[in-house]
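Chemist:
In the working numbering, the protein residues as written are 1 to 544.
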């Protein structure tokens with residue numbers, strides 16, 4: 001709850017400290033005294049975007065709004081005391097602090113809105129938003145625990161679906177990898193590679209590309225060696241004949257003769273080999289083409305799998321090993337799919353159960369809200385909770401929207417299209433009162449601020465509004481801005497706002513009224529001035 005509200009340099013307020021207490025607080029004062037300014041100041045804490053120029057007091061550099069809350073707990077703090085502070089500089093960005101730690105506007109407002117709710121002519125956005133109606137219904141109907149339980153099974157379904165999709169992607173990746181490795185192995189194996197093959201092919205290619213020149217060289221060599229007159233073979237044969245004759249007379253020539261005889265045998269062998277070699281040098285474009293094709297294939301494989309045939313064969317060996325350990329199994333996916341089917345069946349079952357509970361409770365809540373609305377000034381209200389089906393989300397399969405008509409003969413329409421500010425404030429009060437009747441536990445404590453909840457009502461209706469606010473104040477801290485004495489008289493703590501002129505300046509003051517001053521203020525509210533009659537009636541109201 002709010003223990004203290006501090007406002008500095010805001011609108012016409014210089015500096016103001018307003019103490020609030022547990023239970024029902026009421027803020028009264030003459031029209032134009034500054035009551036709405038105080039509510040606007042609190043409202044600054046709940047807005048992400050604030051225009052400082054709209055609020056900073058003339059001649060000042062910045063405005064400061066601060067509230068101290070006790071008996072509250074937020075995740076960001078271990079203390080039960082939370083201080084929310086917002087600084088609005090004329091030049092620069094708005095600064096937001098929680099217990100002196102700076103926050104983003106979005107983060108600050110998210111926490112502040114959990115602790116403070118303003119319901120008035122200008123602060124009913126939450127109730128107007130259709131997407132919030134399902135939360136209202138679940139809170140009033142006491143279904144939040146079941147909704148949270150459903151959200152868990154819903155999240156479980158999403159998690160299993162994500163796992164299945166991930167495994168399917170992994171399976172596709174594994175299959176693609178396996179197919180690629182199988183293709184690579186097949187490509188390498190079909191090439192039937194042999195180490196040294198490339199060198200041999202290059203040698204054959206070199207010969208076939210130069211076959212005519214090689215044939216010419218071989219024939220020239222053969223001619224010199226054997227074919228032409230005075231060839232090496234002819235001359236050496238004649239030399240051997242001469243040496244044989246010489247050796248008949250001189251044994252010392254025998255060794256020379258043997259050497260020449262041996263050389264002639266080698267020459268004969270060379271002639272035989274050279275004849276075969278020159279006869280092999282014949283143009284063979286078909287073989288050359290095949291060699292070129294083979295070398296092209298080898299170069300292609302080298303560009304993909306390694307720089308040599310040895311490296312390609314090593315790559316194939318490693319791929320074969322890796323392929324043997326690749327496991328492609330859909331068992332885990334099948335298992336998860338079974339788990340998903342079970343979870344989805346449970347989710348749909350719970351969604352249907354939750355939907356039926358909402359529909360059953362909605363009728364009772366409709367009737368109770370309509371009764372409450374009659375008590376706060378509506379003669380023939382029509383409040384409806386319409387539930388239709390939509391795609392399942394974390395809150396179930398229901399699309400919930402509030403419909404309302406305040407006028408007899410007018411059919412109910414979506415709340416955002418028909419309700420005025422004052423009507424929304426009283427509708428919020430009716431919903432909160434029904435929530436208290438329906439909720440059995442875990443009512444979240446916060447500060448509820450009602451502004452202009454008394455628009456267009458009076459008399460016994462106003463008294464009933466006061467009673468309803470008193471009932472709310474048993475569970476929440478309530479601050480109500482009102483012009484009606486019937487409402488003010490029900491409060492436990494009465495604050496009066498006054499605008500006074502001091503040193504030619506307008507100053508807003510707030511006073512916590514004692515018993516006597518409170519009686520005078522209610523008397524003023526009854527008749528516009530303080531008289532014996534109005535004091536008497538004020539006393540009556542305070543005693544009720």
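Note that CB positions come from ideal geometry on N, CA and C, so glycine has one too.
Over the uninterrupted alpha helix (DSSP H) stretch that includes residue 545, give me the two end residues.
Modeler: Since the first residue shown for the chain is 1 and the last is 544, residue 545 is missing from the structure and cannot be characterised.
Chemist: Where do the ends of the alpha helix (DSSP H) carrying residue 345 lie?
Modeler: Taken as a continuous stretch (DSSP letters only), the alpha helix (DSSP H) holding residue 345 covers 331-375.
Chemist: Using CA atoms only, rank isn't needed, just tell me which of 304, 502 and 11 is closest to residue 184.
Modeler: The shortest Cα separation from residue 184 among 304, 502 and 11 belongs to 304.
Chemist: When burial is assigned at 16 or more other CB atoms within 10 Å of the CB, is residue 287 buried or exposed?
Modeler: So residue 287 ends up on the exposed side.
Chemist: Apart from the five residues on each side of it in sequence, which residues of its chain come closer than 8 Å, Cβ to Cβ, to residue 336?
Modeler: Around residue 336: 160, 163, 164 and 167.
Chemist: Contact defined as beta carbons within less than 8 Å: I believe residue 188 pairs with residue 312. What is the distance between those atoms, to the nearest angstrom?
Modeler: So it is a contact: roughly 6 Å between Cβ atoms.
Chemist: In angstroms with no decimal places, state the Cα-to-Cα distance between residue 479 and residue 408.
Modeler: Residue 479 and residue 408: Cα-Cα distance of roughly 32 Å.
Chemist: Give the secondary structure of residue 443 by DSSP, where H, G and I count as helix, E and B as strand, and everything else as coil.
Modeler: Bear in mind that the predicted position of residue 443 carries a pLDDT of just 46, short of 50, making it unreliable; the figure below should be weighed with that in mind. Residue state, collapsed to three classes: coil.
Chemist: Would you give the residue range spanned by the alpha helix (DSSP H) that residue 464 belongs to?
Modeler: Its alpha helix (DSSP H) spans residues 459-472.
Chemist: Whose CA, out of 43, 378 and 69, lies closest to the CA of residue 426?
Modeler: Residue 378 is the option with its Cα nearest to residue 426.
Chemist: To the nearest angstrom, how far is it from the Cα of residue 123 to the Cα of residue 537?
Modeler: Confidence in residue 123 is poor, its pLDDT being 47 and thus under 50, which makes the residue's placement unreliable; the coordinate value appears in the next sentence. The alpha-carbon atoms of residue 123 and residue 537 are separated by roughly 33 Å.
Chemist: Keeping to the same chain, check which residues put their C-beta closer than 7 Å to that of residue 277; ignore five residues upstream and five downstream.
Modeler: These residues qualify, in order along the chain: 218.
Chemist: Leaving out the 5 sequence neighbours to the left and right, which residues in its chain are closer than 8 Å to residue 489 when beta-carbon positions are compared?
Modeler: Cβ neighbours of residue 489 beyond the five flanking positions: 466, 522, 538, 541, 542 and 544.
Chemist: By the 10 Å Cβ neighbour count, where 16 or more other Cβ atoms means buried, how is residue 85 classified, buried or exposed?
Modeler: Label assigned to residue 85: buried.
Chemist: Tell me whether residue 109 sits in a helix, a strand or coil according to DSSP, three-state version.
Modeler: Of the three classes helix, strand and coil, the one that applies to residue 109 here is helix, per DSSP.
Chemist: Which residues bound the beta strand (DSSP E) around residue 508?
Modeler: Segment 505-512, the beta strand (DSSP E) holding residue 508.
Chemist: So is residue 442 buried or exposed if we call it buried at 16+ other beta carbons inside 10 Å?
Modeler: Unreliable placement is indicated for residue 442, whose pLDDT of 42 sits below 50; no coordinate value is reported for it.
Chemist: With a threshold of 8 Å, are at least 3 pairs of Cβ atoms found where one atom belongs to the segment 48-64 and the other to the segment 17-34?
Modeler: They do not touch, by the three-pair rule.
Chemist: Using only alpha-carbon positions, find the residue among 11, 181 and 506 that is nearest to residue 323.
Modeler: It is 181 whose Cα lies nearest to the Cα of residue 323.
Chemist: Determine, using beta carbons only, whether residue 48 and residue 113 come nearer to each other than 8 Å.
Modeler: Not in contact: residue 48 and residue 113 (Cβ atoms no closer than 8 Å).
Chemist: Looking at the structure shown, is residue 21 part of a helix, part of a strand, or coil, going by DSSP?
Modeler: It is coil, neither helix nor strand.
Chemist: Would you list, in sequence order, the uninterrupted beta strand (DSSP E) runs of no fewer than 3 residues that lie entirely inside the segment 39-115?
Modeler: Runs of the beta strand (DSSP E) inside the segment 39-115: 62-69, 82-89, 95-98 and 101-103.
Chemist: Is the beta carbon of residue 137 sitting closer than 8 Å to the one on residue 446?
Modeler: Contact: no.
Chemist: Taking its Cβ as the centre, do 16 or more other Cβ atoms sit within 10 Å of residue 381, making it buried, or is it exposed?
Modeler: So residue 381 counts as buried.
Chemist: Could you give the residue range of the alpha helix (DSSP H) that holds residue 235?
Modeler: That run of the alpha helix (DSSP H) goes 232-249.
Chemist: Quick one: which unbroken alpha helix (DSSP H) runs of 4-plus residues sit fully inside the segment 390-444? Chain order, please.
Modeler: If we require 4 residues or more, the alpha helix (DSSP H) runs fully inside the segment 390-444 come out as 415-418 and 421-438.
Chemist: Could you have a look at residue 527 and say whether DSSP puts it in helix, strand or coil?
Modeler: The answer is helix: DSSP assigns residue 527 an H, G or I state.
Chemist: Identify the continuous alpha helix (DSSP H) that holds residue 222 and give its terminal residues.
Modeler: Its alpha helix (DSSP H) spans residues 211-222.
Chemist: Hey, quick one: how far does the beta strand (DSSP E) through residue 289 stretch, first residue to last?
Modeler: Where residue 289 is concerned, there is no enclosing beta strand (DSSP E), although the alpha helix (DSSP H) it sits in stretches over 285-305.
Chemist: Among 90, 265, 118 and 400, which has the Cα closest to the Cα of residue 64?
Modeler: Closest option to residue 64, Cα to Cα, is 90.
Chemist: Between the Cα of residue 173 and those of 326, 204, 215 and 74, spot the shortest distance and give me the residue it belongs to.
Modeler: Checked all of 326, 204, 215 and 74; the closest Cα to residue 173 is 326.
Chemist: For residue 451, which residues does DSSP report across the bridge?
Modeler: Its beta-bridge partners are 481.
Chemist: Does residue 544 come out as helix, strand or coil in the three-state DSSP assignment?
Modeler: The answer is coil: DSSP assigns residue 544 none of H, G, I, E or B.
Chemist: What does residue 497 pair with, by DSSP beta-bridge criteria?
Modeler: The partner list for residue 497 (beta bridge, DSSP) reads 510.
Chemist: Counting C-beta neighbours from all protein chains within 10 Å, is the total for residue 248 16 or more, i.e. buried, or is it exposed?
Modeler: Flag for residue 248 reads exposed.
Chemist: Report the three-state DSSP secondary structure of residue 37 (helix, strand or coil).
Modeler: Residue 37 falls in the helix class under three-state DSSP.
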